[in-house]
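For the sequence shown, position 69 (counting from the first letter as 1) is numbered 197 according to my numbering, and the numbering increases by one without interruption.
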Amino acid sequence: MISAVILPIIRFRERAMLSVASRHNAILSRLRLALGGTVWVLGAVTGLTHAAESPGNAPDLQQQRELFQQARNALSANDSNTFQDLRQQLTDYPLLPYLDYAVLSQRVNPLARADSDGERTDGQFFEIDQFLAQNRNTYLGDRLEREWVSALARENRGADLVRYHNPDNTTTQLTCRAMHANLTLGDYTTLADADRLWNVAVSQPNDCDPVFDAWMAEGFLTPAIAWERFSKTLQAGHLGLARYITTLMPTREQTLAELYLRVHREPERLRDIESLSADNDETREIILHGIRRLMTIDAPLAMLLLQSHHDVHQFAADTLIDHQRLIAMRLLLQGFVSETESLLRNTPSLVTETPVSWILRDALRNQDWPRIEEWIARLPDDARDSERWRYWQARMLEQKDTQAAHARAQSLFLEVAGTRSYYGFLAADRLGLDYELEDQPVAVAQPQLAELSTLPSILRARELYLLGDEAGARHEWQYAVQRMTPAQIAASGKLANEWGWHRNSIQAMIQIGYWDDMQLRFPLAYGDQFARVAAELDIPAQLLFAIARQESAFMHDVRSPAGARGLMQLMPGTARETALGAGMRVATADLYQPEINITLGSRYLAGLLEEFDGNRALAAAAYNAGPNRVKQWLRRSAANPVPLDIWIETIPFLETRGYVQNVLAYSVIYGVRMGQPVPFLSPAEADATL
Numbered sequence: 129m130i131s132a133v134i135l136p137i138i139r140f141r142e143r144a145m146l147s148v149a150s151r152h153n154a155i156l157s158r159l160r161l162a163l164g165g166t167v168w169v170l171g172a173v174t175g176l177t178h179a180a181e182s183p184g185n186a187p188d189l190q191q192q193r194e195l196f197q198q199a200r201n202a203l204s205a206n207d208s209n210t211f212q213d214l215r216q217q218l219t220d221y222p223l224l225p226y227l228d229y230a231v232l233s234q235r236v237n238p239l240a241r242a243d244s245d246g247e248r249t250d251g252q253f254f255e256i257d258q259f260l261a262q263n264r265n266t267y268l269g270d271r272l273e274r275e276w277v278s279a280l281a282r283e284n285r286g287a288d289l290v291r292y293h294n295p296d297n298t299t300t301q302l303t304c305r306a307m308h309a310n311l312t313l314g315d316y317t318t319l320a321d322a323d324r325l326w327n328v329a330v331s332q333p334n335d336c337d338p339v340f341d342a343w344m345a346e347g348f349l350t351p352a353i354a355w356e357r358f359s360k361t362l363q364a365g366h367l368g369l370a371r372y373i374t375t376l377m378p379t380r381e382q383t384l385a386e387l388y389l390r391v392h393r394e395p396e397r398l399r400d401i402e403s404l405s406a407d408n409d410e411t412r413e414i415i416l417h418g419i420r421r422l423m424t425i426d427a428p429l430a431m432l433l434l435q436s437h438h439d440v441h442q443f444a445a446d447t448l449i450d451h452q453r454l455i456a457m458r459l460l461l462q463g464f465v466s467e468t469e470s471l472l473r474n475t476p477s478l479v480t481e482t483p484v485s486w487i488l489r490d491a492l493r494n495q496d497w498p499r500i501e502e503w504i505a506r507l508p509d510d511a512r513d514s515e516r517w518r519y520w521q522a523r524m525l526e527q528k529d530t531q532a533a534h535a536r537a538q539s540l541f542l543e544v545a546g547t548r549s550y551y552g553f554l555a556a557d558r559l560g561l562d563y564e565l566e567d568q569p570v571a572v573a574q575p576q577l578a579e580l581s582t583l584p585s586i587l588r589a590r591e592l593y594l595l596g597d598e599a600g601a602r603h604e605w606q607y608a609v610q611r612m613t614p615a616q617i618a619a620s621g622k623l624a625n626e627w628g629w630h631r632n633s634i635q636a637m638i639q640i641g642y643w644d645d646m647q648l649r650f651p652l653a654y655g656d657q658f659a660r661v662a663a664e665l666d667i668p669a670q671l672l673f674a675i676a677r678q679e680s681a682f683m684h685d686v687r688s689p690a691g692a693r694g695l696m697q698l699m700p701g702t703a704r705e706t707a708l709g710a711g712m713r714v715a716t717a718d719l720y721q722p723e724i725n726i727t728l729g730s731r732y733l734a735g736l737l738e739e740f741d742g743n744r745a746l747a748a749a750a751y752n753a754g755p756n757r758v759k760q761w762l763r764r765s766a767a768n769p770v771p772l773d774i775w776i777e778t779i780p781f782l783e784t785r786g787y788v789q790n791v792l793a794y795s796v797i798y799g800v801r802m803g804q805p806v807p808f809l810s811p812a813e814a815d816a817t818l
């Protein structure tokens, strides 16, 4: 049946901050003029100025913070006497280990170098030993341990390296150096573990070469291990390394590896069935790798050749189905939609949500309701029962002329409207119902919260945050949370919210999979700033909150892999263009300042709303994917305009589709959180055809 579907296709085809305070004040002054109003600056960038301290110890803590800063300054100035005097006054301060770490971090290299030609004397490394013992299982303890072991490795202190190397707190390079040190000391037992270092898809550090040489000399490298690494390396695209590994193989495996490389370069070689007829695992692996390569350029041919080779090799059933499913998706992406539909109809084992969802979106784009009905029915049960496809099943039933269909549509809409989701809010609007928010705060006992707030790692995180070292604070917090129980993580979310550290409260709920605490998941961070900018620009504050929540979860110093900066994730070029429109200039570093970023991000969003006639869905899509791309999508749909819900569902980019859906749903939630409920879609948006 597969050949019957595919053969016709075959035949048819053959951070550097400069003058920060004055610069930011100047920028904000110009923004005030541009906005015709006041740009309000919050009390502190961190948002932690609202964190409560008990009246009894607040002055002492503040004094300790000042002493700590003075001690760090003294250390930077090499004023050891002042440093020691200040350190003695900080014996109970949570960040005292940071002072000791700073001293020892400067000394690891000299300590490792001292007497490097002789034997280590007892007590020579007393300070290191003492710090590691006192700070075991802490972020700083682990950090100093790695620095210390690195210094010992650089100085070739083999015995000390072996003594201090911790397999649970290391790098590949340090592991290899420690293993080499063991070999130098005559201990070859560690070679048994070298295969896990060698058998990887990438080149390892040069420090591993002596270990690998000894490992191979002792006979640990087998043809099976060599083949396994060759395969991993080739599939990862590291051809040079793959070719090198072939030189370590016996003749049989070398011959097969050369064939593997030829098929990798030219997957069309799979047409030569006879040359790949040998009945062994390696040949089957070569064929399947070639199929995966071929499907990206010619999915119909890949499907046909997979079947041909299966006739010879009889691949395992699950392997065959997995590859057929991959090819089915490639067929869709290459435009063979009707052929893929025929394939799935005739081969039910290939049906999964992914290709069926693709087909359904194609049908929605064309408003082909009978086709939508067919493919919703073909969805796997769990997918068909999702909010998304129950909503679209109801929309399909609305198109029928029978009373029973309309009644069933109403019933499905009612079910979906009971959920706090994009589709739930859409369904509620169709029924004229209130939105279901299901706000249930996570249960945390007060004693548990109090206990957590006294954990040394949490105290250190808070102090670092209050002192402006947000990166250090995140390291401490994450180190602590990674070692917590789910109940403790829930408490950490509550605590982070109390302290104004909203990204951590959001993350805590994600980690434990608790979705119903609206205060923790949707904080009103930077509320005054958003409200005032919204009023000045005449755009909904709920929308600004929703964008910030989706973009950065209110983390003002975050940078995306693409280079977007700050709270509302502005690209530097976009920020500069927006600022120039206000008659001003900004540096990239300025975008990490919330008051500047929020104002520029809001101005940019206001421009998009104006460009797209106030349609928040289009503006949100443009904020994520760029206005030119949204205009391109609108041009494509102009010949066959569709309602807004269909337009959103058929956005070509998965990320942008989810982004728009989240922003619209979050706007509803923030409207309720602010005490200013808003409709999910405005009347103009609900009536729009795009």
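For each residue, glycine too, the CB sits at the ideal point set by N, CA and C.
Quiz prompt | Closest by C-alpha distance to residue 453, when choosing among 434, 439, 815 | solution = 434
Quiz prompt | Opposing strand residues paired with residue 693 [DSSP bridges] | solution = 687, 698
Practice problem: Could you name the residues of the same chain whose beta carbon sits closer than 7 angstroms to that of residue 565, not counting the 5 residues immediately before and after it, in chain order? | Solution: 548, 646, 797, 800
Practice problem: From the DSSP output, in three-state form, read off residue 828 for me. | Solution: No answer is possible for residue 828: it lies beyond the span of the chain, which begins at 129 and ends at 818.
Exercise. Answer with buried or exposed for residue 510, where buried requires no fewer than 16 other C-beta atoms within 10 angstroms of its C-beta.
Key: exposed
Practice problem: Name the residue from 299, 330, 374 whose alpha carbon lies nearest to the alpha carbon of residue 351. | Solution: 374
Quiz item: Per DSSP, residue 771 is paired with what?
Solution: 817
Quiz item: Where does residue 764 land, buried or exposed, given buried means 16+ other C-beta within 10 angstroms?
Solution: exposed
Quiz item: Closer than 8 angstroms, CB to CB, is residue 194 near chain C or not?
Solution: Among the protein chains of the structure shown there is no chain C, as only one such chain exists.
Quiz item: If you draw a straight line from the alpha carbon of residue 496 to that of residue 488, how long is it in whole angstroms?
Solution: If I take the Cα positions, the gap works out to 9 angstroms.
Quiz item: Touch check for the region 787-795 and the region 518-527: three-plus C-beta pairs under 8 angstroms?
Solution: In this structure the region 787-795 does not lie against the region 518-527, because fewer than three pairs of beta carbons, one per stretch, are closer than 8 angstroms.
Self-check item: Stretch-stretch touch, CB-based, cutoff 8 angstroms, three pairs: the region 769-781 with the region 628-644
Solution: no
Practice problem: Compare the C-alpha of residue 533 against each of 364, 544, 711, 501 and name the closest. | Solution: 501
Practice problem: Find out if the Cβ-Cβ distance for the pair residue 339, residue 313 is shorter than 8 angstroms. | Solution: No, these two residues do not count as a Cβ contact at 8 angstroms.
Quiz prompt | Other residues of its chain near residue 168: CB distance less than 7 angstroms, five sequence neighbours each side excluded | solution = For residue 168, the pLDDT reaches just 29, beneath the cut-off of 50, and the residue's location in the model is therefore unreliable, although a value from the coordinates is still provided. The residues are 656, 657, 660.
Practice problem: Would you kindly work out how many angstroms separate the C-alpha atoms of residue 722 and residue 423, rounded to a whole number? | Solution: 47 angstroms
Self-check item: Under 8 angstroms between C-beta atoms of residue 580 and residue 619
Solution: For residue 580 and residue 619, yes; Cβs fall inside 8 angstroms.
Quiz prompt | Simplified DSSP state of residue 373, which is helix, strand or coil | solution = helix
Quiz prompt | Span of the alpha helix (DSSP H) around residue 791 | solution = Segment 782-801, the alpha helix (DSSP H) holding residue 791.
Quiz item: Does the Cβ-Cβ distance between residue 367 and residue 388 come in under 8 angstroms?
Solution: No, Cβ-Cβ distance for residue 367 and residue 388 is not below 8 angstroms.
Practice problem: With a cut-off of 8 angstroms on the beta carbons, I'd call residue 809 and residue 557 a contact; round off their distance for me. | Solution: 6 angstroms
Quiz item: Are there 16 or more other CB atoms within 10 angstroms of the CB of residue 596, so buried, or fewer, so exposed?
Solution: exposed
Quiz prompt | Same chain, Cβ closer than 6 angstroms to residue 304, neighbours up to 5 away in sequence not counted | solution = 335, 336, 339
Quiz prompt | Simplified DSSP assignment, three categories, for residue 269 | solution = In this structure, residue 269 counts as helix in the three-state DSSP scheme.
Quiz item: So, residue 232 versus residue 259, is the Cβ gap smaller than 8 angstroms?
Solution: yes
Quiz item: Alpha carbon to alpha carbon, how far is residue 684 from residue 228?
Solution: Going by the C-alpha atoms only, they are around 30 angstroms apart.
Practice problem: Tell me, please, whether the region 725-734 touches the region 695-714 by the rule of three or more beta-carbon pairs shorter than 8 angstroms. | Solution: yes
Quiz item: Are at least three pairs of beta-carbons, each pair with one atom in the region 434-444 and one in the region 456-474, less than 8 angstroms apart?
Solution: no
Exercise. Could you tell me which uninterrupted alpha helix (DSSP H) segments, each at least 4 residues in length, are contained entirely in the region 605-630, listed from first to last along the chain?
Key: 614-626
Quiz item: Buried or exposed: where does residue 852 fall if 16 or more other Cβ atoms within 10 Å of its Cβ makes it buried?
Solution: The shown model of the chain, from 129 to 818, leaves out residue 852, and the question about it has no answer.
Exercise. Report buried or exposed for residue 673, applying the criterion of at least 16 other Cβ atoms within 10 angstroms of its Cβ.
Key: Counting every other CB atom within 10 Å of its CB across the protein chains shown gives residue 673 a total of 16 or more, marking it as buried.
Practice problem: Could you name the residues of the same chain whose beta carbon sits closer than 7 angstroms to that of residue 743, not counting the 5 residues immediately before and after it, in chain order? | Solution: 813, 816
Quiz item: How is residue 311 classed by DSSP in three states: helix, strand or coil?
Solution: Residue 311 carries a helical assignment under DSSP once its states are collapsed to helix, strand and coil.
Quiz item: Applying the criterion that 16 or more other CB atoms from any shown protein chain within 10 Å of the CB defines a buried residue, is residue 208 buried or exposed?
Solution: exposed
Quiz prompt | Touch test, the region 586-596 against the region 188-197, Cβ-Cβ under 8 angstroms, three pairs minimum | solution = yes
Quiz prompt | Rounded straight-line distance, which links the Cα of residue 294 to that of residue 205 | solution = 34 angstroms
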